[in-house]
Amino acid sequence: MVKQKDSSIAAAPVLHLIAVWLVGLILAVVPLFAVRYVFAGIGFEKALLLYGLVTILAVVYVVLVFKDDKFRPTFNVVGWGFATLLVVLGLSTIFSVQPYASFWGAFNRMEGYISWIYYFAFFVIASSVLKNPKDWWIVIRIALIGATLISLYGLGQALHLKGLTPSLDVLRVESTVGNPVFLGGYLASAIPLTMIWALSTKSRSWRNLGLALVVLEVIILFLTFSRGSWIGAILGSLVVIVAYLYKNRSSATKWLIGGAVILVILVGVGVLAWGLSSEGSIVRSWGDKIIRPKSIEYRRTTWSVGIKGFLEKPLIGWGLENFKVVFDKYYQVPPRAISFQESHVDRAHNEYIGIAVSGGILALLVYLWMMIAAVVVGIKRVVAKVDQEKAALTIGLLGGVVAYMAYIFTAFHLMVSILFFLLALAWFNQGDKMPKISKGLPIVKMILAAAGVGVVALSYSAIINPLVAVRAADKGTRAYLNGDFTTALADFKKSLGRGSYMSNVIRAQMALVGSRQGDSEADPGLIIFRKYAGSILSENAITEPHNSYHYLIFGMYFSTFADIYPGFLEQADSMFAQAYALTKGKGETQYRWGQMYARLGDTQAAREKFEEALSIEPYNKEINFTVGTWYLSLGNVERGSQLILVALDWGYQAGKFVEFGRGKLIAGLLESAGKPEVAKELYRSMIDTHEDPQVAVYATVELALLLNRMGEREAALELAQTLSRYDVDPKEFNNLMAELQGS
Numbered sequence: 001m002v003k004q005k006d007s008s009i010a011a012a013p014v015l016h017l018i019a020v021w022l023v024g025l026i027l028a029v030v031p032l033f034a035v036r037y038v039f040a041g042i043g044f045e046k047a048l049l050l051y052g053l054v055t056i057l058a059v060v061y062v063v064l065v066f067k068d069d070k071f072r073p074t075f076n077v078v079g080w081g082f083a084t085l086l087v088v089l090g091l092s093t094i095f096s097v098q099p100y101a102s103f104w105g106a107f108n109r110m111e112g113y114i115s116w117i118y119y120f121a122f123f124v125i126a127s128s129v130l131k132n133p134k135d136w137w138i139v140i141r142i143a144l145i146g147a148t149l150i151s152l153y154g155l156g157q158a159l160h161l162k163g164l165t166p167s168l169d170v171l172r173v174e175s176t177v178g179n180p181v182f183l184g185g186y187l188a189s190a191i192p193l194t195m196i197w198a199l200s201t202k203s204r205s206w207r208n209l210g211l212a213l214v215v216l217e218v219i220i221l222f223l224t225f226s227r228g229s230w231i232g233a234i235l236g237s238l239v240v241i242v243a244y245l246y247k248n249r250s251s252a253t254k255w256l257i258g259g260a261v262i263l264v265i266l267v268g269v270g271v272l273a274w275g276l277s278s279e280g281s282i283v284r285s286w287g288d289k290i291i292r293p294k295s296i297e298y299r300r301t302t303w304s305v306g307i308k309g310f311l312e313k314p315l316i317g318w319g320l321e322n323f324k325v326v327f328d329k330y331y332q333v334p335p336r337a338i339s340f341q342e343s344h345v346d347r348a349h350n351e352y353i354g355i356a357v358s359g360g361i362l363a364l365l366v367y368l369w370m371m372i373a374a375v376v377v378g379i380k381r382v383v384a385k386v387d388q389e390k391a392a393l394t395i396g397l398l399g400g401v402v403a404y405m406a407y408i409f410t411a412f413h414l415m416v417s418i419l420f421f422l423l424a425l426a427w428f429n430q431g432d433k434m435p436k437i438s439k440g441l442p443i444v445k446m447i448l449a450a451a452g453v454g455v456v457a458l459s460y461s462a463i464i465n466p467l468v469a470v471r472a473a474d475k476g477t478r479a480y481l482n483g484d485f486t487t488a489l490a491d492f493k494k495s496l497g498r499g500s501y502m503s504n505v506i507r508a509q510m511a512l513v514g515s516r517q518g519d520s521e522a523d524p525g526l527i528i529f530r531k532y533a534g535s536i537l538s539e540n541a542i543t544e545p546h547n548s549y550h551y552l553i554f555g556m557y558f559s560t561f562a563d564i565y566p567g568f569l570e571q572a573d574s575m576f577a578q579a580y581a582l583t584k585g586k587g588e589t590q591y592r593w594g595q596m597y598a599r600l601g602d603t604q605a606a607r608e609k610f611e612e613a614l615s616i617e618p619y620n621k622e623i624n625f626t627v628g629t630w631y632l633s634l635g636n637v638e639r640g641s642q643l644i645l646v647a648l649d650w651g652y653q654a655g656k657f658v659e660f661g662r663g664k665l666i667a668g669l670l671e672s673a674g675k676p677e678v679a680k681e682l683y684r685s686m687i688d689t690h691e692d693p694q695v696a697v698y699a700t701v702e703l704a705l706l707l708n709r710m711g712e713r714e715a716a717l718e719l720a721q722t723l724s725r726y727d728v729d730p731k732e733f734n735n736l737m738a739e740l741q742g743s
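This is the structure in structure tokens:
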């Protein structure tokens, strides 16, 4: 028996070290990992990686606790707050308007209750296995390796290095995180930890390296142009600097506080100057780039919707991943130019409002309790007499919590941006004389063993089954794109046969690939594929009856083939009607519905739907432009040109959304109908908003010729001279100039 005990004790340090390294790897690898599937996206793959690593960590931890009782979980006020939050969110999931979606989450966000279970597991294990400062510094160093690689990748994107996946927004970096805002939130919490590590290390070389990493992270943070992240990073960094100077009894503390006050004043003056400056001024131009007033308006809309949704269900909320249901119900078109993207919102862009909508007042209060408790514990430890290493860890992690709390005021968390926050909560859950789980109770080990078995069992439904399903659907997508429709259908059937929580997404994917134009319409395999896809789309409503977006895209799928396959027209009408019932404050459903009737040649029905769409969203640029061109094609010049001009005046990007050939045709119709001024504005939009320089060249030539026909020869010649900025054939340029000068 003694030998067995000694063997057990000898094994514990190895298991403990493995657990410590796994905690660090989760922090480093999950934000860094970004291997895209065909359609599943970054959020799904990061979620599976987190679930898998936490499952492995949980198994190691349970064995560790059975070998050494000192690693049992202990909760103080922070830990009990997190546990209570998990219970409240569980209740909100049970009573959710869409429980299935609330539990498993949306594939592009993966923030259902299942993710919170893994967050809590990570928090408990990190708090239990990181027993001394040495463990914590190991984890932080590993995490900072990940932060370094993420920052370097972002720098490569900013420099447009070949071989790197570019950001979707060329002016902002997103690195491997997938969105500039989430990258900003990740860095906002990482910077305070990097700072304290650099300030605490005794090696000058490591200190210089740490400070260099801080500079790199700040540069990348700036290039995200995520203002909420900037504010979070500034506040978190100030907490680190002030607390560090205070702890070291530095006389510079008061100067730093004074400097912070001056900085706040300067920022206020800058915002005031921006607000009072005239349009077109340098101050207004740079202020617009930084402040982005359209983004502020956007958040004002979502916050207003969120508050209304919260007031309707104030106690237990709507359930996780259901903000889009609330948005569909309460969204009202703002009196300004908008796009369809603005009307598809699934988050409040304020995590406090988001939590209130998801879990009601109970969840919000517990969420605030958990964070405020962490801050209070942190401040107490900064003030108390503790050793230097514990003080440094407290300062850095306190800065991370403050940064996170500020960041989520204008954004929302995802897995990549919440991990450092979870780590900080784990630190502040340690120590303090609060109620703890009793050391000697066998029930504790029984609960942990059951939890470990549960996590392993859950991994099949949470990781393995959906992963196999997505891979089969990916194969099906590739087969479809290669023209092998029979194999594609077989692969998709295998995928759906798994019965995973990705089935709704897979059915939507079938609709998207099946509606591709240009395929061989007579191919029997293609016909069978499309009909089968149409026969299963309604199954999504079983688990997501309030998902208006699915109804919309399914309506568009059926409308694409409404004149080919029997029954598809009725299916399209049904899907559009269900989408409209959920989104009466949006015009897109009526607009897409009208497009179907326009394509079918039912002018009366198309006009009714188009006019309904315009009455709902009179400021929508795309609706105005498309409906305007439709009226123009019918010969209704006055109505058509009026709508087109409105769209162009509101910033419709013709150079981005209109092929040059179609644009030239529309301009020709406008000119022949006596509306050359509208044609002129169309060409100018194509020149100013082009994504292809060739489009700008063609549009410039046509506009110069149009101006010449309108008798504005000087303007035509001046415009033609601007072609010199492009790679234009000199012979063709000379011919154009001769035509303009000789007429």
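Sequential numbering of the sequence shown, starting at 1, is according to full-length UniProt numbering. Glycine included, every Cβ here is placed at the ideal spot set by N, Cα and C. These numbers were taken from a predicted model, which means no experiment stands behind them.
What did DSSP end up calling residue i once you bin it into helix, strand or coil?
{"i": "I564", "result": "coil"}
{"i": "N708", "result": "helix"}
{"i": "N620", "result": "strand"}
{"i": "I437", "result": "Per-residue confidence for I437 stands at a pLDDT of 48, beneath the threshold of 50, marking its modelled position as unreliable; no derived number is given."}
{"i": "I464", "result": "helix"}
{"i": "residue 746", "result": "The chain is shown only over 1 to 743; residue 746 falls outside these bounds and no answer can be derived."}
{"i": "W274", "result": "Interpretation of W274 is limited by its pLDDT of 49, a score under 50 that renders its predicted location unreliable; the figure taken from the coordinates is listed afterwards. It is helical."}
{"i": "I355", "result": "helix"}
{"i": "I220", "result": "helix"}
{"i": "I338", "result": "strand"}
{"i": "L15", "result": "helix"}
Could you tell me the alpha carbon to alpha carbon distance between residue i and residue j, rounded to whole angstroms?
{"i": "K680", "j": "L645", "result": "10 Å"}
{"i": "S151", "j": "A28", "result": "12 Å"}
{"i": "D68", "j": "R207", "result": "36 Å"}
{"i": "I326", "j": "I145", "result": "Correcting the residue type first, residue 326 is Val in the shown sequence and not Ile. Approximately 40 Å between the Cα atoms of the pair."}
{"i": "A373", "j": "I463", "result": "33 Å"}
{"i": "Y246", "j": "L238", "result": "12 Å"}
{"i": "Y551", "j": "I564", "result": "20 Å"}
{"i": "I361", "j": "I316", "result": "7 Å"}
{"i": "I355", "j": "V377", "result": "23 Å"}
{"i": "E217", "j": "R516", "result": "42 Å"}
{"i": "V333", "j": "E342", "result": "10 Å"}
Any idea if residue i is buried or exposed, counting beta-carbon neighbours within 10 angstroms, 16 or more meaning buried?
{"i": "E617", "result": "buried"}
{"i": "M446", "result": "exposed"}
{"i": "Y153", "result": "buried"}
{"i": "N734", "result": "exposed"}
{"i": "P435", "result": "For P435, the predicted structure reports a pLDDT of 46, less than 50, and the residue's modelled location is therefore unreliable. The matter cannot be settled from this model."}
{"i": "P524", "result": "exposed"}
{"i": "R172", "result": "buried"}
{"i": "G483", "result": "exposed"}
{"i": "D135", "result": "buried"}
{"i": "Y597", "result": "buried"}
{"i": "N540", "result": "buried"}
{"i": "T93", "result": "buried"}
Can you check whether the CB of residue j is closer than 8 Å to the CB of residue i?
{"i": "V214", "j": "T194", "result": "yes"}
{"i": "N350", "j": "W303", "result": "yes"}
{"i": "I26", "j": "L50", "result": "yes"}
{"i": "A348", "j": "F412", "result": "yes"}
{"i": "G90", "j": "Y113", "result": "yes"}
{"i": "residue 751", "j": "T629", "result": "The requested residue 751 does not occur in the structure, where the chain is confined to residues 1 to 743."}
{"i": "G655", "j": "D602", "result": "no"}
{"i": "W104", "j": "Y501", "result": "yes"}
{"i": "M686", "j": "V697", "result": "no"}
Nearest to residue i by CA position, among the options, is which residue?
{"i": "residue 762", "options": "T700, G146, W230 and A212", "result": "Nothing about residue 762 can be reported from this structure: the residues present for the chain run from 1 to 743 only."}
{"i": "D573", "options": "K584, G555, L582 and F561", "result": "G555"}
{"i": "L648", "options": "E671, L665, Y683 and S615", "result": "Y683"}
{"i": "K475", "options": "N465, P466, D491 and T486", "result": "D491"}
{"i": "R662", "options": "E638, G651 and T626", "result": "T626"}
{"i": "K324", "options": "G178, A579 and W197", "result": "A579"}
{"i": "V416", "options": "W21, E45, V139 and A12", "result": "E45"}
{"i": "I528", "options": "V505, K493 and Y549", "result": "K493"}
{"i": "M370", "options": "W427, Y631, I395 and K329", "result": "W427"}
{"i": "T722", "options": "A699, V181, G711 and N108", "result": "A699"}
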